[in-house]
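The structure appears right after this line, and notes come after that.
This is the structure we're talking about:
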């Protein structure tokens, strides 16, 4: 009986040490859950592309040039990102992601409004994990 | 405290078993999530193709009425490039022909028929996952 207890204790210690080693290794490499899959990378790229479009739209707007095409491209990429990367975005009870899209459709959008939109989207993209709900800023 | 050889063997065995269990659990979690994401991406990609084609059709309608269609053309390009990025990430750069046709979307004088041709090709997947 005593031998069995000793065995169980040793096994428990061993398992604990192994689990800790595994977690430490995963934390060090930054790949605990295999999160380098292509969708995650592609979603990150898409987020960068949306921000680049918004920057371009901002520059065009500041120069009082037409930005319909650029705003449209940002809208298309943002809508695609919401649809594919953040599945609950389009059915979100709060409609927050959809309101972000609504804002972009306004041709009279001012530079400060566009800047604010860019910040909200940037923060949202940083906080949200592809495949999980959108955690963007409050509108 | 004297540690017997048997005790050392148990601890090492425990380490190996523990690592194995955690590894299998992590792998299972990762696979489940990947499968769920793949299903979601597949249905999202289908929706994106439809949306991009609809944008191009609307752009053609606006062009026929001689109205500005920049927002629709932009949306179409945004969605097509997003499709290529997320839905077909293994593809290399678009062929020169695909690139030329997509670049044409910038042009506000693009003829309605060319926009409709693009809409048809997007629906058929020609601008996304295969060279025309």
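Residue numbers (the working numbering), protein chains in the order written: chain W, 176 to 314; chain H, -12 to 119.
We put the beta carbon where it would ideally sit given N, CA and C, even for glycine.
- For residue 308 (chain W), there is no enclosing alpha helix (DSSP H), as DSSP gives it neither H nor E.
- Around residue 42 (chain H), the same chain offers 59, 62 and 63 as residues with beta carbons nearer than 6 Å, after the five sequence neighbours per side are excluded.
- DSSP places residue 56 (chain H) outside both helix and strand once states are collapsed to three, so it counts as coil.
- Three or more beta-carbon pairs separated by less than 8 Å are not found between the segment 223 to 232 of chain W and the segment 73 to 89 of chain H, which leaves the two stretches without contact.
- In this structure, residue 36 (chain H) sits near residue 110 (chain H), with a CB-CB distance shorter than 8 Å.
- A distance below 6 Å between beta-carbons, with the five flanking residues on each side excluded, links residue 74 (chain H) to the following residues of its chain, in chain order: 32.
- By the rule that beta-carbons nearer than 8 Å mark a contact, residue 241 (chain W) touches chain H.
- In this structure, the CA atom of residue 282 (chain W) is about 7 Å from the CA atom of residue 243 (chain W).
- Going by DSSP, residue 233 (chain W) is part of the alpha helix (DSSP H) stretching over 213 to 237.
- With a minimum length of 3 residues, there is no unbroken run of beta strand (DSSP E) contained wholly in the segment -6 to 43 of chain H.
- In the DSSP annotation of this structure, the continuous segment of the alpha helix (DSSP H) that includes residue 243 (chain W) starts and ends at 243 to 259.
- In the three-state DSSP reduction, residue 240 (chain W) falls in the coil class, being neither helix nor strand.
- Using a CB distance below 9 Å, the part of the segment 61 to 74 of chain H facing chain W consists of 61, 62, 63, 64, 65, 66, 67, 68, 69, 70, 72, 73 and 74, ordered along the chain.
- Judged by DSSP in its simplified three-state form, residue 84 (chain H) adopts helix.
- Going by DSSP, residue 109 (chain H) is part of the alpha helix (DSSP H) stretching over 99 to 110.
- Here the C-alpha atom of residue 68 (chain H) lies approximately 11 Å from the C-alpha atom of residue 76 (chain H).
- For residue 292 (chain W), the enclosing alpha helix (DSSP H) covers residues 286 to 302.
- Residue 106 (chain H) is positioned such that its CB atom lies no closer than 8 Å to that of residue 70 (chain H).
- Shown here, residue 277 (chain W) sits in a helix according to DSSP, grouped into three states.
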